[in-house]
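See structure below.
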Amino acid sequence: MMQPTMHHHPQDGGFIASQLAQLPEGYHQQIGREYSHRYQTAGQHDGERRRNANLFMLDLTGQAGGRVFTLSDEEIRRKADRLALECRRLMKLAGDQDKAVTVGLGFFQSAGFDPQGMAGFDATGITARLADPQYWKRKLLRRQDREQEAFAIRLGVVHRGRGLYVSDAMFNTVQTRIASSIKALAALEAVNEETGETVDMLTVMKGSVANPEVRRVELMVRMRGFEEAAKQAGHVGTFYTITCPSKFHRFTTDENGKPADNPNYQGATPRDGQTYLNAIWRRIRAKLKRDGLTAYGFRVAEPHHDGCPHWHLLLFTPPHQCKAVTAILRAYTMQEDGSEAGAAKYRFKAVEIDASKGSATGYIAKYVSKNINGYGVDEDFEGGIDAADSAQRVRAWASLWGIRQFQQCGGAPVGVWRELRRLQTAPDGLLEEARQAADAGDWCAYLQLQGGVSALRKEQPLRVYTVERVDTATGEVISNKYGEITGKVEGVDLLGMAQVQTRLHVWRIQAKANQPQPETAFDQAHYVDGFDILTPATPAPMPVSGIRFPASSSGAAAPPRSPVNNCTQPWQEGQVWGVQP
Numbered sequence: 001m002m003q004p005t006m007h008h009h010p011q012d013g014g015f016i017a018s019q020l021a022q023l024p025e026g027y028h029q030q031i032g033r034e035y036s037h038r039y040q041t042a043g044q045h046d047g048e049r050r051r052n053a054n055l056f057m058l059d060l061t062g063q064a065g066g067r068v069f070t071l072s073d074e075e076i077r078r079k080a081d082r083l084a085l086e087c088r089r090l091m092k093l094a095g096d097q098d099k100a101v102t103v104g105l106g107f108f109q110s111a112g113f114d115p116q117g118m119a120g121f122d123a124t125g126i127t128a129r130l131a132d133p134q135y136w137k138r139k140l141l142r143r144q145d146r147e148q149e150a151f152a153i154r155l156g157v158v159h160r161g162r163g164l165y166v167s168d169a170m171f172n173t174v175q176t177r178i179a180s181s182i183k184a185l186a187a188l189e190a191v192n193e194e195t196g197e198t199v200d201m202l203t204v205m206k207g208s209v210a211n212p213e214v215r216r217v218e219l220m221v222r223m224r225g226f227e228e229a230a231k232q233a234g235h236v237g238t239f240y241t242i243t244c245p246s247k248f249h250r251f252t253t254d255e256n257g258k259p260a261d262n263p264n265y266q267g268a269t270p271r272d273g274q275t276y277l278n279a280i281w282r283r284i285r286a287k288l289k290r291d292g293l294t295a296y297g298f299r300v301a302e303p304h305h306d307g308c309p310h311w312h313l314l315l316f317t318p319p320h321q322c323k324a325v326t327a328i329l330r331a332y333t334m335q336e337d338g339s340e341a342g343a344a345k346y347r348f349k350a351v352e353i354d355a356s357k358g359s360a361t362g363y364i365a366k367y368v369s370k371n372i373n374g375y376g377v378d379e380d381f382e383g384g385i386d387a388a389d390s391a392q393r394v395r396a397w398a399s400l401w402g403i404r405q406f407q408q409c410g411g412a413p414v415g416v417w418r419e420l421r422r423l424q425t426a427p428d429g430l431l432e433e434a435r436q437a438a439d440a441g442d443w444c445a446y447l448q449l450q451g452g453v454s455a456l457r458k459e460q461p462l463r464v465y466t467v468e469r470v471d472t473a474t475g476e477v478i479s480n481k482y483g484e485i486t487g488k489v490e491g492v493d494l495l496g497m498a499q500v501q502t503r504l505h506v507w508r509i510q511a512k513a514n515q516p517q518p519e520t521a522f523d524q525a526h527y528v529d530g531f532d533i534l535t536p537a538t539p540a541p542m543p544v545s546g547i548r549f550p551a552s553s554s555g556a557a558a559p560p561r562s563p564v565n566n567c568t569q570p571w572q573e574g575q576v577w578g579v580q581p
């Protein structure tokens, strides 16, 4: 193994070699540069420089903890096979299922995984997962990715000028996986079980919210709808920014605006930062509820240049409640380490939206675009690179750390909205009014039909309903690969009295002719119901300062929608919906 070129004390060569042997070889050159930088720091005597450089090395090996987190895919597969086999053996020896669950979760924890992640599964689902090599492989791969990136953050290679938001190595890994997934999709097609119609899976993906542009347009429609509802109610908008305490940030900024080591940093990952912000938000929501205060809108989570997350929130409130809501957000944001240097300036910011100077939606539009595909933003103001390029790095960051980038605060669920947009017509009354609102891209009207921005979910008249999956050939209920009966979305329910079906067809995913079946999750998903069979569409340009959408067939403003392939036909009494007994 070639040793990196390093400047160090003559007596420390053996120590350095022993430490490097415990660290991933791919990082040795960078470690050498960082070590040399510390050893050559001006203004310090030789003993201090030597001490700081060696402590840096010990800190890295301590973080690695003897783990090997640069396993190849094949090595991970073999390790997953071994873990699944051993766990299966131990659970079998346990006897009954309850004991098997206890033994299995204990083994899972001993392998370094949190058993709380299994909390949503029943005994059958838990034991089936723990006996499945593919489940272990996914867990091992995710853990390795995060451990590797946490090491890169600690090493100091994630910041503007080096690896913006994520390390270059991890970004390249994510991009390679995306390319592999696209290649796999290109080899697949969806086949309508009844008509034989086939649709290319890439077409499906490009027309769904998996497409960044479709996702961006839908988010802007919803945000604009919230703003219109707020105007009708006489409510005002405030734009908030909340940031984690200093100890979550790997870097600070020196007097020249360049990244500098943060002495307060305690080794937190971006996921730790997101967990902290989520905990704050839960307390804020609880306090707002206790005090009878109204706040609704949207939240955007995005990374600082070193990967530490911060939040932007666009919230609407009644004018007389605005100060109280702002005070609560500030109090909870500043509760931890609120007296530290810079906290008053950086940790919390509130800007009241002046409607005479621009729309609230326009204010947040650049943050949405910056974190999806960079549309309408020339340069990323955080990293100083092209916004389209930085958006790819942001999405890689969010995917790696499991961070939800966008979250609606209050209002009606988007799932019902999406189902309504699948319909060509619905029974007269509330269902048809809601369908027309969704078809026109009128989120404000949809909110009002669902009871308004403050209506509780249990008070909203429309909701998605599900049914069990059934094999059309045998009539048997279909379970997933872990033996669990899962429901599939079937349509929209009105007050538990009437239902309109939005998904009439069963689609099967298969390899295209003369194409080998890719080794993907689709192997176990023979039936996929109600695909959003969408055609690629390019929305009309939408400047950051305003909102414009392409016209629908009816002439109303609307985002791209699906053709009628998989939509219901015009409603006929007794055919699509009916009063439930």
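Each residue of the sequence shown is one higher than the one before, starting from 1 at the first, in full-length UniProt numbering. No residue lacks a Cβ here, since even glycine has one placed at the ideal position from N, Cα and C.
When you compare each of the options to residue i by their alpha carbons, which one comes out closest?
| i | options | result |
| --- | --- | --- |
| T195 | N514, K512 and R508 | R508 |
| G374 | S72, G362, S390 and T361 | S390 |
| R146 | K366, V506, W401 and A437 | W401 |
| G452 | G410, A438, V414 and V467 | G410 |
| E315 | R469, M223, S339 and R160 | It is Leu, not Glu, that sits at residue 315 in the sequence shown. Residue M223 is the option with its Cα nearest to L315. |
| D493 | V416, P303 and Y367 | V416 |
| T203 | L219, P212, A186 and Q424 | A186 |
| R250 | H159, R463, K366 and V368 | H159 |
| I403 | Q134, Q274, A268 and H8 | Q274 |
| T269 | L20, R282, Q63 and G13 | Q63 |
| A119 | S399, L105 and T70 | L105 |
Quick check on residue i: does DSSP put it in helix, strand or coil?
| i | result |
| --- | --- |
| N480 | coil |
| P461 | coil |
| H310 | strand |
| T252 | strand |
| V368 | helix |
| D291 | coil |
| C409 | strand |
| D168 | helix |
| Q510 | strand |
| residue 583 | The displayed coordinates of the chain run from 1 to 581. Any statement about residue 583 would go beyond what the structure contains. |
| V489 | strand |
| A190 | strand |
| R78 | helix |
| V103 | helix |
| G362 | helix |
| D96 | coil |
| D386 | strand |
| R299 | strand |
| F121 | coil |
| L494 | strand |
| P10 | helix |
| F113 | coil |
| V199 | strand |
Buried or exposed, going by whether 16 or more other CB atoms sit within 10 Å of the CB of residue i?
| i | result |
| --- | --- |
| N172 | exposed |
| M170 | buried |
| R154 | buried |
| K370 | buried |
| I182 | exposed |
| S167 | buried |
| V506 | buried |
| A344 | exposed |
| Q407 | exposed |
| T474 | exposed |
| I485 | exposed |
| G47 | exposed |
| L420 | buried |
| Q109 | exposed |
| A142 | Looking at the sequence itself, residue 142 is Arg, so the reference to Ala does not match. Exposed, because fewer than 16 other Cβ atoms sit within 10 Å of the Cβ of R142. |
| residue 582 | The structure shown has nothing for residue 582, since the chain only spans 1 to 581. |
| Q148 | buried |
| G43 | exposed |
| V214 | buried |
| M497 | exposed |
| P541 | In this prediction, P541 scores a pLDDT of 32, lower than 50, which makes its location untrustworthy; the coordinate-derived value is nonetheless stated afterwards. Result: exposed. |
| E255 | exposed |
How close, in whole Å, do the beta carbons of residue i and residue j come, if the pair is a contact with beta carbons under 8 Å?
| i | j | result |
| --- | --- | --- |
| F239 | C308 | With a Cβ gap of about 20 Å, F239 and C308 do not count as contacting. |
| R38 | F56 | 5 Å |
| H310 | C244 | 7 Å |
| I16 | L23 | Wrong, their Cβ atoms sit about 11 Å apart, outside the cutoff. |
Exercise for the section: Note down, one range per segment and in chain order, each beta strand (DSSP E) of at least 3 residues found wholly within the stretch 211-254. Expected result: 236-243 and 251-253
Handout entry: Complete runs of the beta strand (DSSP E) confined to the stretch 322-349 [at least 3 residues]
Key = none
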